[in-house]
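All remarks here apply to the structure that follows.
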Amino acid sequence: MAMTDPIADYLARLRNAADARHKYVDVPASRVKAQMSKLLLDAGYVSGVKYIEDNRQGMLRIYLKYTRNKESVLQGSRRVSRASRRVYSPKKGLPRVLGGYGIAIVSTSQGILTDVECRKRGIGGEVMCEIW
Numbered sequence: 375m376a377m378t379d380p381i382a383d384y385l386a387r388l389r390n391a392a393d394a395r396h397k398y399v400d401v402p403a404s405r406v407k408a409q410m411s412k413l414l415l416d417a418g419y420v421s422g423v424k425y426i427e428d429n430r431q432g433m434l435r436i437y438l439k440y441t442r443n444k445e446s447v448l449q450g451s452r453r454v455s456r457a458s459r460r461v462y463s464p465k466k467g468l469p470r471v472l473g474g475y476g477i478a479i480v481s482t483s484q485g486i487l488t489d490v491e492c493r494k495r496g497i498g499g500e501v502m503c504e505i506w
């Protein structure tokens, strides 16, 4: 069965695994998901990312991160730009997620970046999702 929005599926899998307090979650691999996972790792929302080879497209194993009280560091996420409604933002209109406590992942001409990095570089792009 074909998936219409793989990014929304990726975010849902992360959210559901974090709510169920799993140690890790496996998602079908793609370059976009790998780059998003790297951004989540750099921002401190996950503790590790590993590529697992199979005879198809491969899997990304994302190790979730929890606080001392066993609460997930990843509290929530929201898909902003969808297939039915693309959301583009200029450099001055980039969203601030929870006043700067969260991150927005933006697809730009220079690759997939966080909103903070886009502001530093002075570029805008398609706002893919928000994570807090």
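Numbering (my numbering), first residue to last: 375 to 506.
Idealized CB from N, CA, C, for every residue including glycine.
These numbers were taken from a predicted model, which means no experiment stands behind them.
Rounded to whole angstroms, the gap between the alpha carbons of residue 424 and residue 437 is 8 Å. Nearest to residue 479 by C-alpha distance, out of 443, 446, 416 and 390, is 416. DSSP, read as helix, strand or coil, puts residue 444 in coil. The three-state secondary structure of residue 497, taken from DSSP, is coil. Non-local C-beta neighbours of residue 432 in its own chain, meaning closer than 7 Å and more than five positions away in sequence, comprise 403, 425 and 426, ordered along the chain. Straight across, the Cα-Cα distance linking residue 491 with residue 443 is about 31 Å.
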